[in-house]
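Residue numbers (full-length UniProt numbering): 1 to 38.
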């Protein structure tokens, strides 16, 4: 993933019949534990 952008999002629950709800940016601090796996 050299020279790539990672956009951390925090999705909301999907409404009935939808795949995903709203998805907006979240803090990278919440995702730091997962970053090494990428």
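Glycine included, C-beta positions come from ideal geometry on N, C-alpha and C.
All values derive from a computational prediction rather than experimental measurement.
Pick out the complete alpha helix (DSSP H) segments inside the UniProt region "Disordered" (18-38), 4 residues or longer, and give them in chain order.
-> 28-31
Hey, residue 10 and residue 24 are a contact pair by Cβ (cut 8 angstroms); roughly how many whole angstroms apart?
-> Taking the chain shown and counting its residues from 1, one reaches residue 10 at position 10. Taking the chain shown and counting its residues from 1, one reaches residue 24 at position 24. Confirmed, about 6 angstroms.
Cβ-based neighbour list, residue 27, same chain, cut-off 8 angstroms, excluding 5 preceding and 5 following | Within the chain shown, the letter at position 27 stands for residue 27. So the list reads 8, once near-sequence residues are dropped.
Could you check where the beta strand (DSSP E) with residue 13 kicks off and where it finishes?
-> Here residue 13 refers to the residue found at position 13 when the chain shown is read from its first residue. That residue, residue 13, is in no beta strand (DSSP E); it is neither H nor E in DSSP.
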